[in-house]
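Chemist:
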Amino acid sequence: MTGAPVPQVERRRRHTLYFLEWAAGQRPVHLDTEVDMTRVRAHRAAAGAEGTRYSVVSYLLHSAGRVLARHPAANAVMAPGWPSALRRPRVVRFGPVTAKLALDRTVDGERTVLSALLPGLESASLDQIQQRVDRYRDERTADLPEFKGVRLLGRLPVPLGRAAFAAALRDVRRRPEIFGTVSVSSLGHRDVDGFHSAGGTAVTLCAGRIIDRPVVRDGLVVPAPVMRLGLTFDHRVIDGATAADVLSDLRHTMEDFDDGSRESVPGPDLRRADRDHRTPRGLERRPT
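So the working numbering is basically just the index in the sequence shown, starting at one, shifted up by 31.
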């Protein structure tokens, strides 16, 4: 007995396949760390008590903008046309930080990924970032003007769609308005601890769920909300030491989160806490 025929690739996912073909030229390397989200959770709770809702990804975007501005080598991309015997490798750095935020949406009954661009993260406030994130929460997100190109790629015949996608990326100066300068993705709404993806930028950030885990502070094991944070970097653009600096800075920025918009939120002084000694997941070490 033969199975049902395999349908053609859904039109709504064609842009994803064109992207994957293009991204195959990257050389991804993966790092990860764990972020103590105590201060972020306290900030969210304080804001919620005042009627303001912030999503976890907004905190990540806010911190990423500041960190990438401090590490301009990672806010960059490899220029097209390399490797080639006729062209030397050329990395192009960008000033402003623009995030490409992956969105899981159902369009015309087909589940697909849309990428929303959030520019100016190096100076945007948390409120401004949240307003932009909220714009993409509506069920009709795919109908927004910024996704016109994605809709067109789904309608074009595959050879033309592939050519149009490649043509849009040819001018590296336009890359921020197409791919952003840093990619951000989150699966924290599911039972996912950590994951990695390569989003076409020099750095891709991947956030898992927040779950209480044992951490060591001042020599004592205490529970804390911890988020697994993955960083994938394109080894053609930066090296591991730079990527490790970015990930460490991002972790500390989130753990010491302070957007300056309200009074200091009560919480542990994580700078003095022993942040670098967490117990293995699922295990607890009791102080002797």
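Using N, Cα and C, we set each Cβ at its ideal position, and we do this for glycine too.
By DSSP's criteria, Lys131 is part of a beta bridge. Which residues make up the other side?
Modeler: Within the sequence shown, the letter at position 100 stands for residue 131. Note: Lys131 sits in a beta bridge opposite Leu148, Ser214.
Chemist: With C-beta atoms as the reference, is Ser331 less than 8 Å away from Gly230?
Modeler: The question about residue 331 has no answer here: the residues shown for the chain are numbered 32 through 319.
Chemist: Which full runs of the alpha helix (DSSP H) of 4+ residues lie inside the region 57 to 90, going along the chain?
Modeler: As far as the region 57 to 90 is concerned, its whole alpha helix (DSSP H) runs of at least 4 residues are 69 to 80.
Chemist: At a cut of 8 Å, does the region 129 to 139 reach the region 55 to 70 through at least three beta carbon pairs?
Modeler: The region 129 to 139 vs the region 55 to 70: no contact.
Chemist: Taking Cβ positions, are Thr273 and His61 nearer each other than 8 Å?
Modeler: Your numbering for residue 273 matches position 242 in the sequence shown. Your numbering for residue 61 matches position 30 in the sequence shown. Their beta carbons are not under 8 Å apart, which means Thr273 does not touch His61 by this criterion.
Chemist: Give the DSSP-derived three-state secondary structure of Ser295 in the structure shown.
Modeler: Here residue 295 is taken as the residue at index 264 of the sequence shown, counted from 1. Confidence in Ser295 is poor, its pLDDT being 48 and thus under 50, which makes the residue's placement unreliable; the coordinate value appears in the next sentence. DSSP places Ser295 in coil when its eight states are reduced to three.
Chemist: Exposed or buried, what is Leu183 when buried is set at 16 or more other beta-carbons lying within 10 Å of its beta-carbon?
Modeler: Numbered from its first residue, the sequence shown carries residue 183 at position 152. Exposed, by the Cβ-count rule.
Chemist: Taking Arg42 as part of the beta strand (DSSP E), name the residues at either end of that continuous run.
Modeler: Counted from its first residue, the sequence shown places residue 42 at position 11. Element bounds for Arg42: n/a, residue is neither H nor E.
Chemist: Do you know how far the Cα of Thr64 is from the Cα of Asp222?
Modeler: Stepping through the sequence shown from its first residue, residue 222 is reached at position 191. Stepping through the sequence shown from its first residue, residue 64 is reached at position 33. Straight-line Cα distance between these residues: approximately 17 Å.
Chemist: So, is Ser295 buried or exposed, given that buried needs 16 or more other C-beta atoms within 10 angstroms?
Modeler: Within the sequence shown, the letter at position 264 stands for residue 295. Low confidence applies to Ser295: its pLDDT is 48, below 50, so where it sits in the model is not reliable enough to give any reading.
Chemist: Taking buried to mean at least 16 other C-beta atoms within 10 Å of its own C-beta, is Lys131 buried or exposed?
Modeler: The residue given as residue 131 occupies position 100 in the sequence shown. By the 10 Å Cβ count, Lys131 comes out buried.
Chemist: Please name the residue in Val88, Leu187, Glu286, Asp265 whose C-alpha comes closest to that of Ala255.
Modeler: On the sequence shown, residue 255 is found 224 positions in, with the first residue counted as 1. It is Glu286.
Chemist: Is there contact between the region 154 to 172 and the region 182 to 199, where contact requires at least three CB pairs shorter than 8 Å?
Modeler: Taking 8 Å as the limit for Cβ pairs, the verdict is that the region 182 to 199 does not touch the region 154 to 172.
Chemist: Roughly how many whole angstroms lie between the Cα atoms of Arg44 and Val144?
Modeler: Within the sequence shown, numbered from 1, the residue matching residue 44 stands at position 13. Within the sequence shown, numbered from 1, the residue matching residue 144 stands at position 113. Rounded to whole angstroms, Arg44 to Val144 spans 7 Å at the Cα level.
Chemist: In chain order, what residues of the same chain have a beta carbon less than 6 Å from the beta carbon of Tyr49, not counting five sequence neighbours either side?
Modeler: As a position in the sequence shown, residue 49 is number 18, starting the count at 1. Counting only Cβ-Cβ distances below 6 Å, and skipping sequence neighbours, we find Arg193, Phe196.
Chemist: Classify Val108: buried if its beta carbon has 16 or more other beta carbons within 10 angstroms, exposed otherwise.
Modeler: Translated into positions along the sequence shown, residue 108 becomes position 77. Classification for Val108: buried.
Chemist: Could you pull out every residue in the same chain whose Cβ sits closer than 7 Å to the Cβ of Ile269, ignoring the five residues on either side in sequence?
Modeler: Numbered from 1 along the sequence shown, position 238 holds the residue referred to as residue 269. Once the five neighbours on either side are set aside, the close Cβ partners of Ile269 are Ala104, Ala105, Ala233.
Chemist: What residue ranges within the region 186 to 233 form continuous alpha helix (DSSP H) runs of no fewer than 4 residues, ordered along the chain?
Modeler: List check, alpha helix (DSSP H) in window: 189 to 199, 206 to 210.
Chemist: Please classify His220: is it buried, with 16 or more other beta-carbons within 10 angstroms of its beta-carbon, or exposed?
Modeler: Position 189 of the sequence shown, counted from the first residue, corresponds to residue 220. His220 is exposed by the Cβ-count criterion.
Chemist: Gly82 and Leu152 - do their beta-carbons sit closer together than 8 Å?
Modeler: The residue given as residue 152 occupies position 121 in the sequence shown. The residue given as residue 82 occupies position 51 in the sequence shown. No.
Chemist: Can the beta-carbon of Val252 be found less than 8 Å from the beta-carbon of Val123?
Modeler: Stepping through the sequence shown from its first residue, residue 252 is reached at position 221. Stepping through the sequence shown from its first residue, residue 123 is reached at position 92. For Val252 and Val123, no; Cβs fall outside 8 Å.
Chemist: What is the rounded straight-line gap between the Cα of Ala80 and the Cα of Asp158?
Modeler: Counted from its first residue, the sequence shown places residue 80 at position 49. Counted from its first residue, the sequence shown places residue 158 at position 127. Using only the alpha carbons, I get a separation of about 16 Å.
Chemist: Return helix, strand or coil for Pro111, following the three-state DSSP convention.
Modeler: On the sequence shown, residue 111 is found 80 positions in, with the first residue counted as 1. Of the three classes helix, strand and coil, the one that applies to Pro111 here is coil, per DSSP.
Chemist: If I'm right that Phe125 touches Thr212 with Cβ under 8 Å, what's the distance once you round it to whole angstroms?
Modeler: Sequence index remark: in the sequence shown, residue 125 carries index 94 (1-based). Sequence index remark: in the sequence shown, residue 212 carries index 181 (1-based). With 8 Å as the limit, Phe125 and Thr212 qualify as a contact, their Cβ atoms being about 5 Å apart.
Chemist: Considering only C-alpha positions, which residue in the set Glu141, Leu191, Gly271 is nearest to Arg58?
Modeler: Along the sequence shown, one-based indexing puts residue 58 at 27. When each option's Cα is compared against that of Arg58, the closest is Gly271.
Chemist: Excluding the five sequence neighbours on either side, which residues of its own chain have a C-beta within less than 7 Å of the C-beta of His266, listed in chain order?
Modeler: The residue you call residue 266 lines up with position 235 of the sequence shown. Cβ within range, chain order: Arg58, Val60.
Chemist: Express the C-alpha separation of Pro207 and Val189 in angstroms, rounding to a whole number.
Modeler: Locating residue 189 in the sequence shown gives position 158, counting from the first residue. Locating residue 207 in the sequence shown gives position 176, counting from the first residue. Rounded to the nearest angstrom, the two C-alpha atoms are 25 Å apart.
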